[in-house]
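Everything below concerns the one structure shown next.
Numbering (the working numbering), first residue to last: 83 to 307.
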């Protein structure tokens, strides 16, 4: 019996240790028909291992016309140190994003009105002490369907991460910089509509990187004003 139970317990420990738990809360304010802003806070843990990161977000969106909006955001992050939360300057990182969100069906006035199909394209820069500045181009396709007279909205997304400076080689005469795909991210789940412009998203996901795959569980709460 021990020979059977031990491998099972080890496998469970390994699999849960690789699972990421992402939790975030966001508030959004619509200023007028074309502009809105938002703030948020998030916490990421690796189940069975410990703390991963804690971050604060701020962003602004401007609608140009039906189906297209431009957006900018800033994130301040406190990263883990030995899987622990440690208040130290070298654990802080910053992220700046500029991009657009294109609602394909709205822009061309096609398809079911309750179906949402969006393409989000974002250029991202990451800054941290004693680390190379990262430059990443993110592209995400997201899909959702608002079921009539039903509080649950099925949602799913796939996102590609391309790092422009993934590889830097210094030669006697020049610096060679090349890009590469550094991550794929997949999510599927439901959005629960609540009273007073509130919603909760529950999603399961998968993150694929060069150093391995990671299962993800994401819980998000949002409120609009």
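C-beta atoms are modelled at their ideal positions from N, C-alpha and C, and glycine is treated no differently.
Subject >> Per-residue burial, residue 282 [other beta carbons within 10 Å of its own, 16 or more giving buried] >> reply: exposed
Original post:
Fully enclosed by the stretch 116-143, which beta strand (DSSP E) runs are 3 residues long or longer?
Top reply: 117-128
Subject >> Identity of the residues DSSP links to residue 275 by a beta bridge >> reply: 281
Original post:
Which residue from 129, 211, 206 and 191 puts its Cα closest to that of residue 161?
Top reply: 211
Original post:
First and last residue of the beta strand (DSSP E) that includes residue 301?
Top reply: 294-306
**OP:** Please list, in chain order, all residues of the same chain as residue 230 whose beta carbon is under 8 Å from its beta carbon, the five residues on each side excluded.
**Re:** 196
Original post:
Within the chosen definition, does the stretch 246-253 reach the stretch 222-238 through at least 3 CB pairs nearer than 8 Å?
Top reply: no
Original post:
Are there 16 or more other CB atoms within 10 angstroms of the CB of residue 263, so buried, or fewer, so exposed?
Top reply: exposed
Subject >> Whole-Å CB distance - residue 148 paired with residue 189, under 8 Å assumed >> reply: 6 Å
Original post:
Looking at C-alpha atoms only, which residue of 182, 302, 238 and 245 is the closest neighbour of residue 275?
Top reply: 302
**OP:** Assign residue 248 to one of three DSSP states: helix, strand, or coil.
**Re:** strand
Subject >> Residue environment, residue 168, which counts as buried when at least 16 other CB atoms sit within 10 Å >> reply: exposed
Original post:
Which class does residue 190 belong to by DSSP, given the choice of helix, strand or coil?
Top reply: helix
Subject >> Residue burial classification, residue 157 (beta-carbon count within 10 angstroms, cutoff 16) >> reply: buried
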